[in-house]
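Data block below; observations after.
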Amino acid sequence: MTKSPTVRHRRLGRELRRLREQAKLTPETAARQLGWSRPKLNRIENARIAVTPSAVADACDLYGVDFSTKAELVQLCKDAAVRGWWSAYSDVFTGCYIALETEATAVRAWEPILIPGLLQSEEYAREIIRATRPELTKTQLNRHVSARMTRKVSLLGSDAPTLHALVDEAALRRPVGSPGLMARQLNDLLQIADWSNITLQVLPLTAGTHGGVEGAFSVLSFDEEDPDVGYTECPSGDVYVEAADQVLRLTLTFERLRSACLSPEKSAALIAALRSSHDLP
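FYI, in the working numbering the residues of the sequence shown are 14 to 294.
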């Protein structure tokens, strides 16, 4: 599994590198004067390891940073260490995706197999988790479902990100659980699609072969100067995509899929029609 840093760690590392370069210090020289190894400096600047506030202060002093900037970076370091709501579900969530998703201002997601996790109803989520994690006890299953529903709350409120979700028609047609469950899930989708921060589009089966056949992925965008992050998930683990060219590839794939999808209005009409078909005996 490839782990990815949170937004604040990435921002802090990027700023420390900028200040070092502004001070015209090579990584080797800076590391030596700070009493660090060269690999440690590299990992801090690339946000691969956490750094203490005192270490940030030492770096700022070495780089000749003014008091105000030093105070801001030390505070940023402290903020990066604050435990988010997801830490209560550390046994459920692995990697850093939820931390990144929580700080994102925009989420673009493609899902060819399932209803996207952020849009799943509780009973749909329970069936999907039960199918993919059959080894879970009833208590563990309930905890995984609770975590997913808590995550869904992030779509509400003034700080909610925008979500642009593309879903394959096949995911809407596939029966899940007991009779009526899919009809209720699709009804939930129609209600959520009316939220101002949600755009939902369906890729029709008539689209044929498309660029999303390799699997689901997400692209997360952030405020300020933080670069986008791509994310894909597979049974063997999570993969975070941070190289600019690779993130661009995911973004372009998303745009091509979006162009092949039905409009949000036609997508809603198709979802309503499929909801009725799931109601049939």
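Positions of the beta carbon are idealized from the N, C-alpha and C atoms, including for glycine. None of the values given here were measured: they were computed from a predicted structure.
Margin query: With a threshold of 7 Å on Cβ separation, who are the neighbours of G221 within its own chain once the five nearest residues in sequence on each side are excluded?
Written below: Only residues of its own chain outside the window of five on either side were considered, and among them none has a CB closer than 7 Å to the CB of G221.
Margin query: Applying the 10 Å Cβ sphere with the 16-neighbour rule, what's the burial state of A178?
Written below: Buried: at least 16 other Cβ atoms inside 10 Å.
Check: Exposed or buried, A101, counting other C-beta atoms within 10 Å across all chains shown (16 or more means buried)?
Finding: Exposed, by the Cβ-count rule.
Next item on the list: Report the option in L287, Q259, I57 whose CA atom is closest to the CA atom of N200.
Entry: The option with the nearest alpha carbon to N200 is L287.
Note to self: Using only the alpha-carbon positions, how far apart do S231 and I141 sit?
What the structure shows: Between the C-alpha atoms of S231 and I141 there is a straight-line separation of about 19 Å.
Note to self: Just to confirm the assignment, what range does the beta strand (DSSP E) spanning D181 have?
What the structure shows: Its beta strand (DSSP E) spans residues 175–181.
Check: Where R143 and L194 are concerned, what is the direct C-alpha to C-alpha distance, given to the nearest angstrom?
Finding: If you take the alpha carbons of R143 and L194, they lie about 15 Å apart.
Check: For T219, which residues does DSSP report across the bridge?
Finding: Bridge partners of T219: none, in fact.
Note to self: Along the chain, where does the alpha helix (DSSP H) containing E124 start, and where does it finish?
What the structure shows: Unbroken run through E124 is the beta strand (DSSP E), 119–124; no alpha helix (DSSP H).
Check: For Q259, which residues of its own chain have a beta-carbon under 8 Å away from its beta-carbon, when the five flanking residues on both sides are left out?
Finding: G243.
Notebook entry, point to check: Expressed to the nearest angstrom, what Euclidean distance is found between the alpha-carbon atoms of R27 and C73?
Noted result: Answer to the nearest angstrom: the Cα atoms are 13 Å apart.
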